[in-house]
Amino acid sequence: MGCSSCATGKDGQPKGCKNNGTCGTDGCNKLTVFDWLSNMSLPGGVEPFNCVEIRFKNGRKDFFKNTERLTLSIGDVVAVEASPGHDVGIVTLTGELVRVQMKKKKVAIDSPEILKIYRKATQRDIDIWQEARNKEDKMKVRAREIAIRLNLHMKISDIEFQGDGSKATFYYTAEERVDFRQLIKEFAVEFSTRIEMRQIGFRQEAARLGGIGSCGRELCCSTWLTDFRSVNTSAARYQQLSLNPQKLAGQCGKLKCCLNYELDTYLDALKAFPKTEVKLFTKKGTAVCQKTDIFQGFLWYAYEGDWMNWHKLTPEQANKIIKANIDREPVNSLEEYEVMIEKEDTTKSDFNNVVGQDSLTRFDTPKSTNKKRRKNKRRKQNPSKNE
Numbered sequence: 004m005g006c007s008s009c010a011t012g013k014d015g016q017p018k019g020c021k022n023n024g025t026c027g028t029d030g031c032n033k034l035t036v037f038d039w040l041s042n043m044s045l046p047g048g049v050e051p052f053n054c055v056e057i058r059f060k061n062g063r064k065d066f067f068k069n070t071e072r073l074t075l076s077i078g079d080v081v082a083v084e085a086s087p088g089h090d091v092g093i094v095t096l097t098g099e100l101v102r103v104q105m106k107k108k109k110v111a112i113d114s115p116e117i118l119k120i121y122r123k124a125t126q127r128d129i130d131i132w133q134e135a136r137n138k139e140d141k142m143k144v145r146a147r148e149i150a151i152r153l154n155l156h157m158k159i160s161d162i163e164f165q166g167d168g169s170k171a172t173f174y175y176t177a178e179e180r181v182d183f184r185q186l187i188k189e190f191a192v193e194f195s196t197r198i199e200m201r202q203i204g205f206r207q208e209a210a211r212l213g214g215i216g217s218c219g220r221e222l223c224c225s226t227w228l229t230d231f232r233s234v235n236t237s238a239a240r241y242q243q244l245s246l247n248p249q250k251l252a253g254q255c256g257k258l259k260c261c262l263n264y265e266l267d268t269y270l271d272a273l274k275a276f277p278k279t280e281v282k283l284f285t286k287k288g289t290a291v292c293q294k295t296d297i298f299q300g301f302l303w304y305a306y307e308g309d310w311m312n313w314h315k316l317t318p319e320q321a322n323k324i325i326k327a328n329i330d331r332e333p334v335n336s337l338e339e340y341e342v343m344i345e346k347e348d349t350t351k352s353d354f355n356n357v358v359g360q361d362s363l364t365r366f367d368t369p370k371s372t373n374k375k376r377r378k379n380k381r382r383k384q385n386p387s388k389n390e
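Numbers given in my numbering equal positions in the sequence shown, counted from 1, plus 3.
#1: Rounded to whole angstroms, what's the CA-CA distance from Asp214 to Cys292? Just pull it up for me.
#2: If distances are taken between C-alpha atoms only, which option among Gly288, Lys278, Lys286 comes closest to Phe301?
#3: Answer with buried or exposed for Gln320, where buried requires no fewer than 16 other C-beta atoms within 10 angstroms of its C-beta.
#4: Could you check whether the region 203 to 213 touches the region 173 to 182, counting it as contact only if at least three pairs of C-beta atoms, one from each stretch, sit closer than 8 angstroms?
#5: Give the straight-line distance between the Cα atoms of Val231 and Gln104, rounded to the nearest whole angstrom.
#6: Could you tell me the alpha carbon to alpha carbon distance between Lys141 and Asp167, rounded to whole angstroms?
#7: Quick check on Gly24: does DSSP put it in helix, strand or coil?
#8: How close, in whole Å, do the beta carbons of Ala290 and Lys282 come, if the pair is a contact with beta carbons under 8 angstroms?
#9: Using a threshold of 8 angstroms, state whether the C-beta atoms of Asp161 and Asn247 are closer than that.
#10: Quick one: any contact between the region 78 to 98 and the region 117 to 125, if contact means 3 or more CB pairs under 8 angstroms?
#11: So, is Asp29 buried or exposed, given that buried needs 16 or more other C-beta atoms within 10 angstroms?
#12: Since I believe Ala238 is in contact with Leu273 (beta carbons under 8 angstroms), could you give me their beta-carbon distance rounded to a whole number of angstroms?
#13: In terms of residue numbering, what span does the beta strand (DSSP E) encompassing Arg145 cover?
#14: Whole-angstrom Cβ separation of Gly88 and Arg58, contact assumed at under 8 angstroms?
#15: Quick check on this structure: which residue in Ser76, Thr196, Lys294, Asn328 has the alpha carbon closest to the alpha carbon of Leu316?
#16: Taking Tyr67 as the reference, which of Gly48, Gly47, Asp113, Leu45 has the closest Cα?
#17: When you compare only the Cα positions, how much space is there between Glu408 and Leu40?
#18: In whole angstroms, what separates the C-alpha of Thr25 from that of Phe37?
#19: Using the Cα positions of Glu332 and Gly308, report the straight-line distance between them to the nearest angstrom.
#20: Whole angstroms is fine: what's the gap from Gly256's alpha carbon to Leu45's?
#21: So for Lys188, helix, strand or coil by DSSP?
Structural data, given as structure tokens:
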């Protein structure tokens, strides 16, 4: 991702602002909300909304009250209330859209948990903040070494310093409960700062760190997805996907969130199809469903004992046979219905290439250039020179 001022340059580094995703326009950050009300003024006598959305490291956002009536705009660096001391963040949203975001995330406007903004960050605040953030990578390596030495079954995925450098929050993932009392003591001695341990899920870890998915695009959870809905293996079954854990799992190790995107469409399409476990009873034998094609709208059945020969039916024909079985009406065979499908297919016109696309193999044979033709022509005209 990149905004107009920090487009990607050589080796993936930002070309403009050089801030690695923390530019002043805030257009290249994760989960950024577009302020489509920025060019509109409030009606007369209406006071602006006094809450502001502020972003911290790796897309962590929170709401703060602008009790000092500061004139804030998107991209401003501010010092906000923290416990203890103060934190430093970047303003990502102001005005009435903050009210919409608070309602979406079910945060009450008069909640006592909403802290306040102290001031716009001074140059000294920004220097201390940047100096603390530069320590995070080295601390993460050292913290992982200590956790491995203590044989703790946990993974320290990220470290976030508070803006004033007085506290460091360690984000970790673990499948079981971890006793990290000794770990905190060694961290306090090693890093000489206040330590806070915060456990997050595997999906939250992927959202914080980001990455590229198997589709070739950035992870949905780190770019636009704001909630984590449960994903079941039934979603893959309804979409007739192979139950391969390596293909269905994302970078977080859980089932991919994109399995839910088209699930409702598949469920609506399957309403017209009969259940695959229902057998069709005919005079020729009992037929069992072998395959279902949702896109073309066909089912394939095979007689018991004759599994190699499949018979193609439409959902309407299969439902008609099932209804006849319930009403105890005789059905001769599936071939009768299959002949009806073949007659319908012959009446349909074949696909024609009306666009006039060329063959894909037209670039395989290299074309002879005009220069070669001219040289060959000259050789034929002047055979004496060639000898």
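No residue lacks a Cβ here, since even glycine has one placed at the ideal position from N, Cα and C. In this text the structure is predicted, and so the values were computed from the model without any measurement.
Working from what's here:
#1: What sits at residue 214 in the sequence shown is Gly, not Asp. Their backbone Cα atoms lie some 41 angstroms apart in a straight line.
#2: Minimum Cα-Cα distance from Phe301 among the listed residues Gly288, Lys278, Lys286 corresponds to Lys278.
#3: With 16 or more other Cβ atoms from the protein chains shown falling within 10 Å of its own Cβ, Gln320 counts as buried.
#4: yes
#5: Reading the sequence as shown, one finds Phe at residue 231 and not Val. Distance between the alpha carbons of Phe231 and Gln104: 17 angstroms.
#6: Those two C-alpha atoms are separated by around 18 angstroms.
#7: Note on Gly24: pLDDT 46, under 50, position unreliable in the model; the coordinate value appears next. In this structure, Gly24 counts as coil in the three-state DSSP scheme.
#8: 7 angstroms
#9: no
#10: yes
#11: Reliability fails at Asp29, whose pLDDT of 46 lies under 50, so the model's placement of it is uncertain and no value is given.
#12: No, Leu273 and Ala238 are not in contact; Cβ-Cβ is about 12 angstroms, not under 8 angstroms.
#13: Segment 139 to 152 is the alpha helix (DSSP H) holding Arg145; no beta strand (DSSP E) there.
#14: With a Cβ gap of about 19 angstroms, Gly88 and Arg58 do not count as contacting.
#15: Measuring from the Cα of Leu316, the nearest candidate turns out to be Lys294.
#16: The sequence shown places Phe at residue 67, not Tyr. Residue Asp113 is the option with its Cα nearest to Phe67.
#17: Missing from the structure shown is residue 408; the chain here goes from 4 to 390 and no further.
#18: In this predicted model, Thr25 has a pLDDT of only 45, less than 50, meaning its place in the structure is not dependable; the value taken from the coordinates is given anyway. Separation of Thr25 and Phe37 (C-alpha to C-alpha, rounded to the nearest whole angstrom) is 16 angstroms.
#19: 23 angstroms
#20: 47 angstroms
#21: helix
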